[in-house]
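Below is one structure, written out as structure tokens; comments come after it.
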Amino acid sequence: MASQLLITGAAGFIGANLVYRLLLMTDYSIVVLDALTYSGHLESLTSAMDNERLEFVHADIRDAGAVRSVFDRFQPDGVIHLAAESHVDRSIESPMEFVTTNVQGTAVLLSEAERAWSGDTSKRFHHVSTDEVFGTLGPTGRFSEETPYSPRSPYAASKASSDHFVRAWAETYGLNVVITNCTNNYGPYQFPEKLIPVVIDRLQRREQIPIYGDGSNVRDWLYVEDHCDALIEVFNRGAPGETYCIGGETEMSNLDLVEALCDIYDEVSGRDVGSSRGLIDFVTDRPGHDFRYAMDITKIRDDLGWSPSVDIFTGLRSTVGWYLGNQSWVDAVQSDEHDTFQGRWYTR
Ligand SMILES: NC(=O)c1ccc[n+]([C@@H]2O[C@H](COP(=O)([O-])OP(=O)(O)OC[C@H]3O[C@@H](n4cnc5c(N)ncnc54)[C@H](O)[C@@H]3O)[C@@H](O)[C@H]2O)c1
320 MASQLLITGA AGFIGANLVY RLLLMTDYSI VVLDALTYSG HLESLTSAMD NERLEFVHAD
380 IRDAGAVRSV FDRFQPDGVI HLAAESHVDR SIESPMEFVT TNVQGTAVLL SEAERAWSGD
440 TSKRFHHVST DEVFGTLGPT GRFSEETPYS PRSPYAASKA SSDHFVRAWA ETYGLNVVIT
500 NCTNNYGPYQ FPEKLIPVVI DRLQRREQIP IYGDGSNVRD WLYVEDHCDA LIEVFNRGAP
560 GETYCIGGET EMSNLDLVEA LCDIYDEVSG RDVGSSRGLI DFVTDRPGHD FRYAMDITKI
620 RDDLGWSPSV DIFTGLRSTV GWYLGNQSWV DAVQSDEHDT FQGRWYTR
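Be aware that the sequence shown starts at 320, since it is given in this note's numbering, and climbs by one per residue.
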């Protein structure tokens, strides 16, 4: 059983939630490695920073020397790798950053893990990946561990490529790996360029809420804490070399989701329910916009006993409440000089 974990990308959305979950539910000591790009912020880890089980290292996963010194200094027994460029729209505008961080950075981590662990298969490398590697679905069917890869955006292609490198390190060097492919997450600490925090931000500013195309694209939504619990289960109990698909079993069109958010916001802020829907504005669709994602989670449910526990309306209510109660976090993460793609529409 691992006692010291290296979590990459833990100043980002899922990583920060995972750190809080690990501190609460396990005895692991944690080393966080993060480059603090535009989407990574120490403000997301404020409540954990004083915990003596947590160390933070400001480093880039593409920097082999820096990664090696983290392995040498902290000797982690396991890695949960989340660091990535994660935004599809940005990948369309600047694909090379996705190639270097998501592909090259993952290969650097694999290489340094293999060097540090030199064949010790009690140490584990867990790669956190996405359902987008599978491409797009029509109106029926679901992705599963058997679905062939068919990435359609530079982001999806970079994650697919990194999944392949992870499997290659298992086959070639005997590294103990697990991979998880998850659907869209939502919840606290998500950078306000992705769909749900952008909608909440627009609602508060009373600005138009742009929706790509006619809003019929479907995503399967999972509350981030449920995802973190699934990651902990897979890291601790998943079989070596296996892939596990994770999803919320909650399909919603973008339009239905945005309307639900408008109504929850109206309810919470004492407005007439339905009045905020008037802010919705349909805009030109994203190029190559995948139509539908949905996940078959039979394997993780049967093998590890995990299934989602937070229903979408409860999760959305608590997410809206979190953003309204944490405006200082929103202001802090937006105050950097990074381009936050304001004025555009953002889904992962
Ligand atoms: N958000 C989702 O819905 C979702 C769903 C499935 C899988 N994933 C995967 O989960 C992981 C985390 O996603 P997220 O939504 O939390 O992303 P995020 O953009 O919020 O966080 C990414 C983190 O990685 C860090 N990072 C980026 N480049 C780095 C580099 N070169 N070196 C070190 N750190 C770097 C950033 O500073 C940031 O803290 C990603 O690998 C993503 O592909 C996300």
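Heads up, the beta-carbon is just placed ideally off N, CA and C, and yes, glycines get one too.
The beta carbon of residue 445 lies closer than 6 Å to those of 399, 497, 554 in the same chain, with the five residues before and after it left out. With a cutoff of 6 Å, residue 645 does not count as near ligand 1, since its C-beta is closer than that to no heavy atom of the ligand. One alpha carbon belongs to residue 652, the other to residue 369, and they sit about 20 Å apart. It is roughly 34 Å from the alpha-carbon of residue 648 to the alpha-carbon of residue 562. If only uninterrupted beta strand (DSSP E) runs of at least 3 residues are considered, those enclosed by the stretch 377-432 are 397-400.
Placement of the Cβ of residue 355 at a distance of less than 6 Å from at least one heavy atom of ligand 1 is found. Taking 8 Å as the upper bound for CB-CB distance, residue 584 and residue 519 are in contact here, some 7 Å apart. Under the three-state reduction of DSSP output, residue 488 falls in the helix class. When 525, 540, 513, 328 are compared, the shortest CA-CA separation from residue 502 is found for 540.
Per DSSP, the continuous beta strand (DSSP E) segment holding residue 325 begins and ends at 323-327. Per DSSP, residue 516 is not a residue of any beta strand (DSSP E); the alpha helix (DSSP H) it occupies stretches across 514-524. Rounded to the nearest whole angstrom, the C-alpha separation of residue 533 and residue 408 is 18 Å. In the three-state scheme derived from DSSP, where H, G and I count as helix and E and B as strand, residue 474 is classed as helix. A direct Cα-Cα distance of roughly 15 Å separates residue 336 from residue 347.
In summary, residue 570 is buried, with 16 or more beta-carbon neighbours lying within 10 Å of its beta-carbon over all protein chains present.
Less than 7 Å divides the Cβ of residue 421 from the Cβ of residue 481. Taken from the Cβ of residue 332, at least one heavy atom of ligand 1 lies inside 6 Å. For the pair residue 522 and residue 628, the CB atoms are not nearer than the 7 Å cut-off.
Taking 7 Å as the cut-off, the beta carbon of residue 355 is found closer than this to the beta carbon of residue 330.
In the structure shown, residue 536 adopts coil according to DSSP, grouped into three states.
If the five residues before and after residue 402 are omitted, its C-beta is found closer than 6 Å to the C-beta atoms of 327, 328, 380, all from its own chain and listed in chain order. Not one heavy atom of ligand 1 sits closer than 6 Å to the Cβ of residue 469. In this structure, residue 573 keeps its C-beta atom at 7 Å or more from the C-beta atom of residue 333. If you check the C-beta of residue 501 against ligand 1, you find a heavy atom less than 6 Å away. DSSP places residue 642 inside the alpha helix (DSSP H), whose first and last residues are 631-644. Shown here, residue 608 sits in coil according to DSSP, grouped into three states, outside any helix or strand. DSSP places residue 601 within a strand segment (E or B) once states are collapsed to three. In this chain, the alpha helix (DSSP H) harbouring residue 588 covers 573-588.
Residue pairing by DSSP places residue 529 opposite 600 in a beta bridge. Taking each of 442, 372, 358 in turn and checking the Cα distance to residue 557, the smallest one comes out for 442. As the crow flies, the alpha-carbon of residue 394 is around 19 Å from that of residue 345. Judged by DSSP secondary structure, residue 440 falls outside any alpha helix (DSSP H); it is assigned neither H nor E. In terms of Cα proximity to residue 324, the closest of 358, 538, 375 is 375. Secondary structure note for residue 352: its beta strand (DSSP E) is the uninterrupted segment 348-353. Per DSSP, reduced to three states, the secondary structure at residue 373 is strand. When the five nearest sequence neighbours on each side are left out, the beta carbons in the same chain lying within less than 6 Å of the beta carbon of residue 351 are those of 326, 329, 375, in order along the chain.
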